[in-house]
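Numbering (the numbering used here), first residue to last: 10 to 393.
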């Protein structure tokens, strides 16, 4: 059972898919670990540390991938990586499958069995494998840190001999894992925090963290959550009412953090140009949804933009990767916990149960075909 870990090819990706901790655990299960030279450097892990944990260092990605039974990655493999990967190998990564038909087809044609870690079902058994939660938690924390750095003023109220410094006002839009961590972090730093979300269940969560909940609480709001715990897309009428409430609130805020995402769709636009224009000079918006089009009008992927009225809009990409060492540690554990379920502990060999609910929920391609029902090619329309 050979497991390969390679350097991520995307320039902005600083994370790595295994750490010395998970290398040791996998080796104890009978695996041979091969890590590409330098794969962990951006996360603060040296080749020597991998070797000490029991891994072999390969000079390049092709050498690491040669004859690998399992490939652990952060991002889905590119064409060159697929070419170097043998047919039948398991590939575990954050696959970003929505709208990526060509990439899924390429993985199917390469004959790999690919698994999208972000499709892990949110059930008790899978909590330790939930990469969305582990990475979003860090993104929420980092959003507050980045917002505070751009704001340039103190967050807590301070009583000094020279006068009182008022507490900063922070507004969090979207109360999922990232939003809750942003609220908790902002509160720990002494800010006055408010938050909003379309899901009724979040009101109690927001208030339990010492923040104030802001929302139009009508009948539609009371039913605005899917069975899986995700936000539903709201009606145009509700969006208009909520936008009016937010518009009046946002003008008074010092830092706004947006986190709203809808699986498989572009990020909803929450902050309009007029809302941005209403904010005071020096205030900051941090958009965690920028990779899906952004929640904030005027956000630029990978940029910090200053508007004509002196408001900063922060659009950092790969925010969890801005805490690479911590993010890699959590992500590597998520991968290990999932891969462990596919290993026969006594025989120390791969033994994938294709009927396991976790496998079925995350498996994208197998045996040359796209297997996941949500991403299978649609049949061609009949000729007229």
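Even glycine gets a Cβ: it sits at the ideal position worked out from N, Cα and C.
Using the beta-carbon count (16 or more within 10 Å), is residue i buried or exposed?
i	result
residue 55	exposed
residue 358	exposed
residue 90	buried
residue 329	buried
residue 372	buried
residue 48	buried
residue 179	buried
residue 367	buried
residue 254	exposed
residue 360	exposed
residue 17	buried
residue 132	exposed
residue 86	buried
residue 7	Summary: the structure shown does not reach residue 7, with the chain confined to residues 10 through 393, and so no result is reported for it.
residue 263	buried
residue 387	exposed
Tell me the DSSP secondary structure of residue i in three-state form.
i	result
residue 68	coil
residue 196	helix
residue 354	coil
residue 13	strand
residue 384	coil
residue 9	Absent from the structure is residue 9, since the part of the chain shown begins at 10 and ends at 393.
residue 123	strand
residue 278	coil
residue 259	helix
residue 342	helix
residue 116	helix
residue 211	helix
residue 32	helix
residue 248	helix
residue 190	helix
residue 288	coil
Look at residue i and residue j and say whether their C-beta atoms are less than 8 Å apart.
i	j	result
residue 322	residue 297	no
residue 69	residue 45	yes
residue 318	residue 286	yes
residue 103	residue 127	yes
residue 380	residue 116	no
residue 209	residue 245	no
residue 304	residue 182	yes
residue 163	residue 174	yes
residue 176	residue 161	no
residue 194	residue 150	yes
residue 343	residue 139	yes
residue 93	residue 106	no
residue 293	residue 258	no
residue 250	residue 280	no
residue 52	residue 79	no
residue 276	residue 301	yes
residue 478	residue 155	Lying before the first or after the last residue shown, residue 478 is absent from the chain, which here runs from 10 to 393.
residue 29	residue 61	yes
residue 43	residue 65	yes
residue 299	residue 310	yes
Based on DSSP bridge pairs, tell me the residues matched to residue i.
i	result
residue 378	375
residue 132	Answer by DSSP bridge pairing: none, since residue 132 is not bridged.
residue 321	293, 315
residue 221	203
residue 169	172
residue 41	11
residue 84	103
residue 178	201
residue 265	180, 294
residue 25	Answer is none; residue 25 lacks a bridge partner.
residue 79	12, 99
residue 305	280
residue 359	352
If contacts are defined as beta-carbon pairs under 8 Å, then residue i and residue j qualify, I think. What distance do you get, rounded to the angstrom?
i	j	result
residue 186	residue 81	Contact doesn't hold; Cβ gap of about 23 Å is too wide.
residue 340	residue 144	7 Å
residue 191	residue 137	Actually they do not touch by this definition, with Cβ atoms about 23 Å apart.
Say whether chain C places a C-beta atom closer than 8 Å to the C-beta of residue i.
i	result
residue 347	No chain C appears in the structure shown, which is made up of a single protein chain.
For the ligand SAH, is there a heavy atom less than 7 Å away from the beta-carbon of residue i?
i	result
residue 69	The ligand SAH is absent from the structure shown, which contains no ligands of any kind.
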